[in-house]
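Inspection log for the structure reproduced underneath, given as structure tokens.
Number of protein chains: 2
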Amino acid sequence: MCKPALTQIKPRRTDDAPSGDARCGDCPIRYRAVCAQCEGPELERLEQMKFYRSYQAGQPILWEGDRTEFVASVVTGVATLTHTLEDGRRQMVGLLLPSDFLGRPGRDRAAYDATAATDVVLCCFRRGPFDQMMRQTPQLAHRLLDMTLDDLDAAREWMLLLGRKTAREKIASFIAIIARRQAALHKQPAQGRIEMELPLTREAMADYLGLTIETVSRQITALRQDGVIEVRGKRGLVLPDYARLVEESGDDSDGGLPD
Amino acid sequence: MCKPALTQIKPRRTDDAPSGDARCGDCPIRYRAVCAQCEGPELERLEQMKFYRSYQAGQPILWEGDRTEFVASVVTGVATLTHTLEDGRRQMVGLLLPSDFLGRPGRDRAAYDATAATDVVLCCFRRGPFDQMMRQTPQLAHRLLDMTLDDLDAAREWMLLLGRKTAREKIASFIAIIARRQAALHKQPAQGRIEMELPLTREAMADYLGLTIETVSRQITALRQDGVIEVRGKRGLVLPDYARLVEESGDDSDGGLPD
DNA sequence: CGAGTGATTGATACACCTCAACACAGGTGG
DNA sequence: CCACCTGTGTTGAGGTGTATCAATCACTCG
């Protein structure tokens, strides 16, 4: 049905970033991440625990089945979660943008491959101490529950896309989701003319949408020819009219991923 | 891409079941539902709050956008969550079996349609009191977090199915999931010869798997002709060899839905 | 320059959808 | 009792959207 993954991840590794420089108070995701509702002594405790890690675009973060030593928040960049079948068919099952949470408390093995799609900085916590703190800190557990419920909603929206949308609608939906989340970063509503950057390669988009690279490429070409999008290089896009794109996506009420 | 939903839900309604008869101690899902880790006074408080509702097969439980007055655990039967696009394309996004939780704390509107696939009994809690209790009872919040994380894992497994599996693999995967969960109810591993009952119509299966009714029917016929399954009436199935079915499903390590 | 990677485009194949007819069981009413 | 209807599932013929296979292009890097 689709080609085995031939692409080899480059084996280069980034050393851990010099840890603990940044203060939580200055953190760009301070009020959106899992730590959002922690203050005072609790924030202090997290601050003590945390350490940063950086990954270059294309680097693996975790392999399915690996022991996980840490959980983490994405500070900057984009990471992906993918499932792989024995014969190499791959499906992306999660797209982690800044403030999203990576890892599952109470589970010591990764359920999916995690990969850096762009350069990524993670704010990590060792699993043991973090689990312990979660048991003692209700607002941390509540925040994580909220975020997980948002993830579940996003996953279900995504299932609708995978199961019932055409290739053209899938591409339009994907671009709309990215546009909305980039707009949300600047605290603006997505509307009118938008310039944006795709955070994924065509291959990763294909894995996200349950398509092949070729189909992704063809549909992008088609949307360009129909004036729905303009293409600027490999990753750059201009949306002359966001509403037009949403029309193409198959649903106006496009809920989509949590911001 | 697929036909608008023409099926009309029969307008018959069941009155609420005589509430509060059953004691939590006798509940068949006592140690698997959201209340599993509550004891003593907490269980007592839930017991006071709870009320039962019954729905006949085919009845709607909630419409997308409805105000939700309660959250609930499925006690017996099977319910479904579905998303619908304006043009009528439908995708099931959740399959709720006994002990699964319905509803989202902290949200007052339903995000999807919920429907009784078979006759269903729910153990309900009014939203306000339940939310309040969740804020005061860490083990309740933790249990719900755990269950939500399981749901998220299941949704992601499902995404792999929707995005990358063939029709035949989808059918085999679905049957395997149901077989495993039915086996789990009897606390047995799924293996060898299994007799089972499909809890869904062909239409609901199609909505689950992102297929059409016709394709579902054809693939079941094909699996029957290949000796992978035997068909007993509309809903009955015999699996001569569970392992053979799993082979057909595309993945041996078939994680799937939480039990 | 050549090698390598990511993306585009074209020709063809086929898996699944669409439309349509039919089978079968259960219920209802004359 | 049988004719009729309705809901559910099966089967067939044909069309189409996307995958597959393959060639080429644009860029970057050594």
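Here the protein sequences come in this chain order: A and B. For the first sequence, position 224 matches number 224 in UniProt numbering, and the numbering has no gaps at all. For the second sequence, position 212 matches number 212 in UniProt numbering, and the numbering has no gaps at all. Built from N, CA and C at the ideal position, the CB exists for glycine as well. If you're wondering where the values come from, they're calculated on a predicted model, not measured in any experiment.
Whole angstroms is fine: what's the gap from residue i's alpha carbon to residue j's?
{"i": "Asp241(B)", "j": "Ser99(B)", "result": "28 Å"}
{"i": "Cys27(A)", "j": "Arg45(A)", "result": "15 Å"}
{"i": "Thr76(A)", "j": "Gln48(A)", "result": "20 Å"}
{"i": "Arg74(A)", "j": "Glu39(A)", "result": "The sequence given here has Val at residue 74(A), not Arg. Cα to Cα, Val74(A) sits roughly 20 Å from Glu39(A)."}
{"i": "Leu237(B)", "j": "Glu195(A)", "result": "54 Å"}
{"i": "Glu248(B)", "j": "Gln188(A)", "result": "48 Å"}
{"i": "Asp108(B)", "j": "Asp153(A)", "result": "15 Å"}
{"i": "Gln37(A)", "j": "Gln139(A)", "result": "6 Å"}
{"i": "Arg235(A)", "j": "Thr201(A)", "result": "8 Å"}
{"i": "Gly192(B)", "j": "Gln182(B)", "result": "14 Å"}
{"i": "residue 340(A)", "j": "Gln59(B)", "result": "No answer is possible for residue 340(A): it lies beyond the span of chain A, which begins at 1 and ends at 259."}
{"i": "Val78(A)", "j": "Gln132(A)", "result": "28 Å"}
{"i": "Ile177(A)", "j": "Asp226(B)", "result": "43 Å"}
{"i": "Tyr112(B)", "j": "Ala72(B)", "result": "15 Å"}
{"i": "Asp151(A)", "j": "Thr221(B)", "result": "37 Å"}
{"i": "Asp119(A)", "j": "Tyr208(A)", "result": "19 Å"}
{"i": "Val93(B)", "j": "Thr82(B)", "result": "5 Å"}
{"i": "Gly25(A)", "j": "Thr212(A)", "result": "43 Å"}
{"i": "Lys165(B)", "j": "Gln136(B)", "result": "44 Å"}
{"i": "Cys124(A)", "j": "Tyr55(B)", "result": "46 Å"}
{"i": "residue 287(B)", "j": "Arg224(B)", "result": "Absent from the model: residue 287(B). The displayed extent of chain B is 1 to 259, so no value can be given."}
{"i": "Ala22(A)", "j": "Ile29(A)", "result": "12 Å"}
{"i": "Thr84(B)", "j": "Lys50(B)", "result": "31 Å"}
{"i": "Asp251(B)", "j": "Ala57(B)", "result": "32 Å"}
{"i": "Thr80(A)", "j": "Arg32(A)", "result": "19 Å"}
{"i": "Trp158(B)", "j": "Trp158(A)", "result": "10 Å"}
{"i": "Gly233(B)", "j": "Met134(A)", "result": "50 Å"}
{"i": "His186(B)", "j": "His186(A)", "result": "53 Å"}
What is the C-beta distance between residue i and residue j, in whole angstroms, given that I count them as a contact (C-beta under 8 Å)?
{"i": "Leu149(A)", "j": "Thr148(B)", "result": "6 Å"}
{"i": "Leu95(A)", "j": "Gln91(B)", "result": "Actually they do not touch by this definition, with Cβ atoms about 19 Å apart."}
{"i": "Ala184(B)", "j": "Ala117(B)", "result": "Contact flag wrong, Cβ pair sits at about 18 Å."}
{"i": "Leu198(B)", "j": "Ala114(B)", "result": "Incorrect: roughly 20 Å between the Cβ atoms, too far for contact."}
{"i": "Val34(B)", "j": "Arg143(B)", "result": "6 Å"}
{"i": "Arg53(A)", "j": "Leu97(A)", "result": "With a Cβ gap of about 17 Å, Arg53(A) and Leu97(A) do not count as contacting."}
{"i": "Gly210(B)", "j": "Gly163(A)", "result": "3 Å"}
{"i": "Arg156(B)", "j": "Ala155(A)", "result": "6 Å"}
{"i": "Val228(B)", "j": "Arg244(B)", "result": "6 Å"}
{"i": "Ile179(B)", "j": "Ala190(B)", "result": "The residue asked about is misnamed: residue 179(B) is Ala in this sequence, not Ile. With 8 Å as the limit, Ala179(B) and Ala190(B) qualify as a contact, their Cβ atoms being about 5 Å apart."}
{"i": "Ala110(A)", "j": "Glu64(A)", "result": "6 Å"}
{"i": "residue 325(B)", "j": "Leu145(A)", "result": "No statement about residue 325(B) is possible, as the shown extent of chain B runs from 1 to 259 and does not include it."}
{"i": "Ala141(B)", "j": "Ala141(A)", "result": "6 Å"}
request  = Pull out every residue of the region 120–142 of chain A whose Cβ sits closer than 7 Å to any Cβ of chain B, in chain order.
outcome  = Pro138, Ala141 and His142
ask   = Between the region 97–113 of chain B and chain A, which residues of the former have CB atoms less than 9 Å from a CB of the latter, in chain order?
value = Arg104, Pro105, Gly106, Arg107, Ala111 and Tyr112
task = Mind listing, in chain order, the continuous beta strand (DSSP E) runs of no fewer than 3 residues lying wholly within the region 79–164 of chain B?
result = 79–84, 90–96, 113–116 and 120–126
query = Unbroken alpha helix (DSSP H) runs of length 4 or more, entirely within the region 27–65 of chain A: which are they?
reply = Segments of the alpha helix (DSSP H) lying fully in the region 27–65 of chain A: 40–49.
task = Taking only beta carbons into account, state which residues of the UniProt domain "HTH crp-type" (165–243) of chain A come closer than 7 Å to chain B, listed in chain order.
result = Thr166 and Gly210
query = Which residues, taken in chain order from the region 31–63 of chain A, show a beta carbon closer than 9 Å to some beta carbon of chain B?
reply = none
ask   = Quick one: any contact between the region 167–175 of chain A and the region 64–82 of chain A, if contact means 3 or more CB pairs under 8 Å?
value = The region 167–175 of chain A vs the region 64–82 of chain A: no contact.
key: Uninterrupted beta strand (DSSP E) stretches inside the UniProt domain "HTH crp-type" (165–243) of chain B (no shorter than 3 residues)   = 194–197, 230–232 and 236–239
query = Does the region 216–228 of chain B come close enough to the region 72–88 of chain B to have 3 or more Cβ pairs within less than 8 Å?
reply = no
inquiry  = Along the region 65–81 of chain A, where does the CB come closer than 9 Å to a CB of chain B? Name the residues.
reply    = Leu81
message = What are the residues in the region 84–95 of chain B lying within 9 Å of chain A by C-beta distance?
response = For the region 84–95 of chain B, the residues whose beta carbon sits under 9 Å from a beta carbon of chain A are, in order, Thr84, Leu85, Glu86, Asp87, Arg89, Arg90, Gln91, Met92, Val93 and Gly94.
query = Which residues, taken in chain order from the region 141–163 of chain B, show a beta carbon closer than 8 Å to some beta carbon of chain A?
reply = Ala141, His142, Leu144, Leu145, Asp146, Thr148, Leu149, Asp151, Leu152, Asp153, Ala155, Arg156, Glu157, Trp158, Met159, Leu160, Leu162 and Gly163
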